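Written below as structure tokens is the structure these notes are about.
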Amino acid sequence: MKNYLAINRDLRKANNAQLAEMASKSQARFLWTRPFQQLGNSKVEASFADRRTYTYKGRDIDRQDHLGYDLASTSHAPVSASNDGVVVLAEFFGIYGNTVVIDHGYGLLSLYGHLSSFAVKAAMR
């Protein structure tokens, strides 16, 4: 349980701090030019702001708020960006595994996690 909490609570907190830092450095202009699109052929598996309670042996051990939408697709399916922007992170990123983060401007970021691979690099800031 100690290892689980270190990942689910502590690593998640560190990742969230890094995402907040990225958002604080976001370009102060709109980088998107069209409506945002859901990943093609995907299904919403978890919604924004879901309140999650984690139990172990019948006891609540952790609570977390979900900070996005989880979209499920088929394994190794191509992932298209939801809109225009600048890649600010492309690496293994804690609880998200292989991850790409795109800055769409004004602090709005999209995160693509649990990727089998990616073929982009973060722009120099």
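Heads up, the sequence shown is in the numbering used here, so the first residue is 1026 and it goes up one at a time.
All C-beta atoms, glycine included, are put in the ideal place defined by N, C-alpha and C.
Please read all numbers here as calculations on a predicted model, not as lab measurements.
List the endpoints of the continuous beta strand (DSSP E) containing residue i.
i, result
"residue 1028", "Segment 1027–1030 is the alpha helix (DSSP H) holding residue 1028; no beta strand (DSSP E) there."
"residue 1043", "Residue 1043 -> not in any beta strand (DSSP E); alpha helix (DSSP H) instead, spanning 1037–1049."
"residue 1112", "1111–1117"
"residue 1125", "1123–1128"
"residue 1136", "1134–1137"
"residue 1078", "1076–1081"
"residue 1086", "1084–1090"
Bridge partners for residue i per DSSP, in chain order?
i, result
"residue 1071", "1095"
Quick one, are the C-beta atoms of residue i and residue j less than 7 Å apart?
i, j, result
"residue 1055", "residue 1130", "yes"
"residue 1119", "residue 1041", "no"
"residue 1145", "residue 1134", "no"
"residue 1112", "residue 1147", "yes"
"residue 1123", "residue 1117", "yes"
"residue 1141", "residue 1101", "yes"
"residue 1069", "residue 1094", "yes"
"residue 1143", "residue 1106", "no"
"residue 1110", "residue 1048", "no"
"residue 1081", "residue 1149", "no"
Do you know offhand how far residue i's Cα is from residue j's?
i, j, result
"residue 1072", "residue 1097", "12 Å"
Taking 6 Å as the line, does the beta carbon of residue i fall inside it for any heavy atom of the ligand MG?
i, result
"residue 1118", "Questions concerning the ligand MG fall outside what the structure shown contains, since it holds no ligand whatsoever."
Under 6 Å Cβ to Cβ from residue i, same chain only, skipping five residues before and after it: list those, please.
i, result
"residue 1089", "1077"
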